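In the working numbering, the protein residues as written are 134 to 330.
Glycine included, each C-beta is placed from N, C-alpha and C at the ideal position.
Since we're looking at a predicted model, the values are computed, not measured.
The structure appears right after this line, and notes come after that.
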Amino acid sequence: MDISTQGLRKPGARKLQILQMLASMLEDPKGEKVTTAALAARLDVSEAALYRHFASKAQMFEGLIEFIETTIFGLINKISTEEPSGLKQVRAMVSMLLDFAQTNRGMTRVLIGDALVNENERLQERMNQFFERIEASIKQSFKVAVGDKELPESFDPGARAALVLAFVLGRWHRFAKSGFRKAPAEGLEVQMPVLVG
134 MDISTQGLRK
144 PGARKLQILQ
154 MLASMLEDPK
164 GEKVTTAALA
174 ARLDVSEAAL
184 YRHFASKAQM
194 FEGLIEFIET
204 TIFGLINKIS
214 TEEPSGLKQV
224 RAMVSMLLDF
234 AQTNRGMTRV
244 LIGDALVNEN
254 ERLQERMNQF
264 FERIEASIKQ
274 SFKVAVGDKE
284 LPESFDPGAR
294 AALVLAFVLG
304 RWHRFAKSGF
314 RKAPAEGLEV
324 QMPVLVG
């Protein structure tokens, strides 16, 4: 989790430290459930101290989801703005999504829902909306590619966007389930032309 912990006296710094430790604990390849007791022990504070910063464990996970959303949609917007080619936009988005998981292993367990099992159902609902937004962004880039004649008019942007998202989700699952050994972007240069066009 690429958030600075410099100067822990700043407002919100302890909150960031808690989120960083939570993300770090989620990187455990065994994928065990993270409890507030274990989180407090790792931070060498009481559970009550955690609840001074977060009303619930669900709110801690919401903090991680917010980090994921801000980072990924910030990068998607940058790609869409800076790259005129719709096909190149999709390729860049796929690479970025796979790289994000590689760089943020603990977040991958949030992305695939592993870390959210037995947590508040609104967290999974929020992740479902997140995936819908990613799919919509990919679909829009495919539409640009069709409009610019990079792809034929018969091309179905919605169906292909769903396929691309399923591929990314599959890669995230494989990465997490392999104990973070199988790189998400492994073999991507060969698969990308088939996947995207």
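- Note that the C-beta distance between Val223 and Ile271 is below 7 Å.
- Burial of Arg242 is indicated by the presence of at least 16 other C-beta atoms within 10 angstroms of its C-beta.
- When DSSP states are grouped into helix, strand and coil, Glu180 belongs to the helix group.
- Take Ile201, set aside five residues on each side of it, and the residues of its chain with a beta-carbon closer than 6 Å to its own are Met240, in chain order.
- For secondary structure counted as the alpha helix (DSSP H) over 4 or more consecutive residues, the segment 196-275 holds these complete runs in sequence order: 219-236 and 238-244.
- In terms of Cβ geometry, Ala191 and Glu252 form a close pair [threshold 7 Å].
- Close CB contacts of Ala269 within its chain, under the 8 Å cut and outside five residues either way in sequence, are with Ala294 (chain order).
- In this structure Gln153 is buried. Its beta-carbon is surrounded by 16 or more other beta-carbon atoms within 10 angstroms.
- Its Cα nearest to that of Gly196, the residue Arg259 stands out among Arg259, Pro317 and Ile209.
- Here the C-alpha atom of Gly207 lies approximately 21 Å from the C-alpha atom of Ala278.
- The three-state secondary structure of Pro326, taken from DSSP, is helix.
- Residue burial is scored here from C-beta neighbours: Phe313 has at least 16 other C-beta atoms within 10 angstroms and is therefore classed as buried.
- If you draw a straight line from the Cα of Thr203 to the Cα of Phe288, it is about 31 Å long.
- Ranked by Cα distance from Leu296, the options Gly330, Ala170 and Gln150 are led by Gly330.
- Residue environment for Ala309: buried (at least 16 other C-beta atoms within 10 angstroms of its C-beta).
- Membership of Val167 in any alpha helix (DSSP H) is not indicated, and neither H nor E is assigned to it by DSSP.
- CA-to-CA, the gap between Ala181 and Glu319 works out to about 43 Å.
- Here DSSP, grouped into helix, strand and coil, assigns Lys315 to coil.
- For Glu160, the closest C-alpha among the options Ala173, Asn237, Pro317 and Arg185 is that of Asn237.
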